[in-house]
Amino acid sequence: MKDLGSAVAPLDPAALAAHLPETVKAAVSLPEATTTVQLIDPRLATTAAGWLKVESSALCGTDLDLYQKGLSHPTVMGHHVIGKVVSLSPVMQWSWDVEIGDRVALEEYLPCGLPTCEACSKPDIYRFCPEADLWKGQRRVGMLGLHEGSGLHGGNAEYMELSTRTVLHKLPKDLDSNLAAWTQPFANAVDWVVNIGGATSGSRVAIIGPGYHGVAAVAAAKAVGAGEIVVLGRNSRTSRERLEIVESMGASILTNDDAATTSAVLGQHGDRSGFDVIVDTVGLGGPAIDTTEHLRKLGRLVLAGLGDTPVAEVNLKNLVRGASGIVGVRGRSPQSVTRSIELLAAGGTGLELVPSIDVGLDGVDELFRTLLDRSGPSSPHVVIRPSL
Ligand SMILES: [Zn+2]
Ligand SMILES: [Zn+2]
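Going letter by letter, the sequence shown gives residues 44 to 431 in the working numbering.
Pasting the structure below:
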């Protein structure tokens, strides 16, 4: 986003909503973990800087966690949003460098942008803005309540408000819709596996967990030409079916139900020459730390899952002797979103092989319910499409 400087003009939310339908259909998720479909007047918006016609809103584990733990207010959820800009204030047109009709991917962060904010005043680390923090301010797409303006602040609706804090990225108009829906999780994976993990052509990469981000991590490793990709999952129905998906993408698979033996199972795989990058997408804690014994020289263990991570002992001798490291990751850099879009447009990530579970707004309640009781779809690529 460009610096607004002194160019800020007053917004006119009523004018921006003038061409929208009188009511917008939205899936409103309630604190007691149910979802109802409501028709909402977009003219209730008070701070909109533009509007997006939602193409897709992909579901991720954070949605399920928030839903299960109890939202603090009725909310239009959905934070991995793709859509078309249908109205735009002139100042945001300049700031975002987009036109009406452009197809964009939103980031979930709504950072404050103030020069006094440490995260927002440095280049490209706005995801650490306390206001946009998942555990603090919660100013995020898909987390703002129905009581704020129109309430249309998430992707699980036909249209959603854009605010002056919105961070967006232009998408190629002809990028396949299923692939476009991977933009944000694939950007996470590119950051974790490539930018931070250091995977490159020929690397051996191990990924713990074949879930949404595990599958995206396989695609990221594949996109940079990793020599071998190994994915470790459990023996449950869902996990086994997901392992079949990553196998079809070219990964080798391992199953193990005892977290304590994770390192031993990884160490016995293949030629036992170790891994350049190990990514824990599930938050194993101590058992993940144990896998550092299988890192090659200059290798990286990337901790991308928090789970109930306990404090674990680290074998520092292993790290020093191998010049290797352990690093935690949160979200992704804006550059990795750009890279994600380039790689998706170039093709060959393997993500086209992942079955897409497409659900309309009327199906959101059942979708959440069946995912939480584990009777739902096993593919991790679940996409809410308001047009269905
Ligand atoms: Zn997410
Ligand atoms: Zn900030």
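Each residue gets a CB set at the ideal place from its N, CA and C atoms; glycine is no exception.
Rounded to the nearest angstrom, what separates residue i and residue j at their Cα positions?
i, j, result
"THR334", "LYS360", "14 Å"
"HIS98", "THR226", "It is Glu, not His, that sits at residue 98 in the sequence shown. The alpha-carbon atoms of GLU98 and THR226 are separated by roughly 13 Å."
"ILE332", "LEU338", "11 Å"
"ALA223", "GLY406", "21 Å"
"LEU87", "HIS190", "10 Å"
"LEU131", "PRO377", "22 Å"
"THR432", "ASN278", "Given that the chain is displayed from residue 44 to residue 431, the structure contains no residue 432 and the question cannot be resolved."
"PHE171", "SER399", "31 Å"
"ASP323", "LEU341", "17 Å"
"ILE239", "ASP319", "12 Å"
"CYS467", "GLU174", "A query on residue 467 cannot be resolved here, the shown segment of the chain reaching from 44 to 431 and no further."
"SER246", "ALA264", "8 Å"
"ASP145", "LYS213", "7 Å"
"ALA307", "LEU327", "14 Å"
"ASN404", "ALA200", "Correcting the residue identity first, residue 404 is Leu in this sequence and not Asn. Rounded to the nearest angstrom, the two C-alpha atoms are 7 Å apart."
"ASP55", "ALA92", "8 Å"
"LEU394", "TYR255", "11 Å"
"SER379", "ALA347", "15 Å"
"LYS165", "ARG364", "34 Å"
"ASN220", "LYS179", "It is Ser, not Asn, that sits at residue 220 in the sequence shown. Between SER220 and LYS179, the C-alpha separation is close to 33 Å."
"GLY113", "MET135", "34 Å"
"THR444", "ILE168", "Since the first residue of the chain shown is 44 and the last is 431, residue 444 is not available in this structure."
"LEU157", "THR413", "41 Å"
"LEU286", "ALA58", "50 Å"
"PRO85", "ALA60", "6 Å"
"LEU177", "ARG208", "16 Å"
"VAL129", "LYS96", "6 Å"
"ALA366", "PRO420", "42 Å"
"PRO215", "ALA388", "8 Å"
"VAL426", "GLU150", "16 Å"
"SER329", "GLU356", "Before going further, note that residue 329 is Gly rather than Ser in the sequence given. About 7 Å."
For residue i, count the other beta carbons within 10 Å of its own beta carbon; 16 or more makes it buried, fewer makes it exposed. Which is it?
i, result
"ALA50", "Residue placement at ALA50 is flagged as unreliable, the pLDDT there being 45, under the threshold of 50; a coordinate-derived value is accordingly withheld."
"ASP300", "exposed"
"GLY121", "buried"
"ILE143", "exposed"
"GLY48", "Because GLY48 sits at a pLDDT of 43, beneath the cut-off of 50, its placement in the model cannot be relied upon, and the following sentence gives the value as read from the coordinates. Classification of GLY48: exposed, given that the 10 Å Cβ count is below 16."
"GLY252", "buried"
"ALA230", "buried"
"THR89", "exposed"
"GLY257", "buried"
"THR159", "exposed"
"LEU82", "exposed"
"ALA162", "buried"
"ALA262", "buried"
"ARG343", "buried"
"ASP106", "buried"
"ASP234", "buried"
"PRO228", "buried"
"SER418", "exposed"
For ligand 1, is there a heavy atom less than 7 Å away from the beta-carbon of residue i?
i, result
"CYS103", "yes"
"HIS122", "yes"
Under the assumption that residue i contacts residue j (Cβ atoms under 8 Å), give the Cβ distance between them as a whole number of angstroms.
i, j, result
"VAL237", "VAL267", "5 Å"
"THR305", "GLY276", "Their Cβ separation, rounded to whole angstroms, is 11 Å, which puts THR305 and GLY276 out of contact at 8 Å."
"ALA294", "VAL325", "At roughly 16 Å, the Cβ-Cβ gap does not stay under 8 Å, so ALA294 and VAL325 are not in contact."
"ALA302", "ALA259", "Between ALA259 and ALA302 the Cβ distance is about 22 Å, and since that is not below 8 Å, they are no contact."
"TRP94", "LEU63", "6 Å"
"VAL80", "TYR152", "The pair is not a contact, with the Cβ atoms about 27 Å apart (cut-off 8 Å)."
"GLY188", "GLY198", "With 8 Å as the limit, GLY188 and GLY198 do not qualify as a contact, their Cβ atoms being about 15 Å apart."
Which residue or residues does DSSP assign as beta-bridge partners of residue i?
i, result
"TRP94", "SER130, GLU204"
"VAL402", "ILE427"
"PHE318", "LEU338"
"VAL147", "GLY126, LYS213"
"GLU271", "ARG247"
"GLN81", "ALA69"
"THR281", "None; THR281 has no bridge partner."
"LEU344", "ILE321, ILE369"
"VAL233", "VAL233 pairs with nothing; no bridge assigned."
"ILE296", "VAL274"
"TYR152", "ARG183"
"THR118", "SER72, GLY188"
"SER100", "VAL124, ILE427"
Does chain C have any CB closer than 8 Å to the CB of residue i?
i, result
"ARG283", "Annotation note: the requested chain C is absent from the structure, which comprises a single protein chain."
Is residue i near ligand 2, in the sense that its beta carbon is under 7 Å from a heavy atom of that ligand?
i, result
"PRO154", "yes"
"GLU174", "yes"
"LEU177", "no"
"LEU187", "no"
"LEU157", "yes"
"ALA162", "yes"
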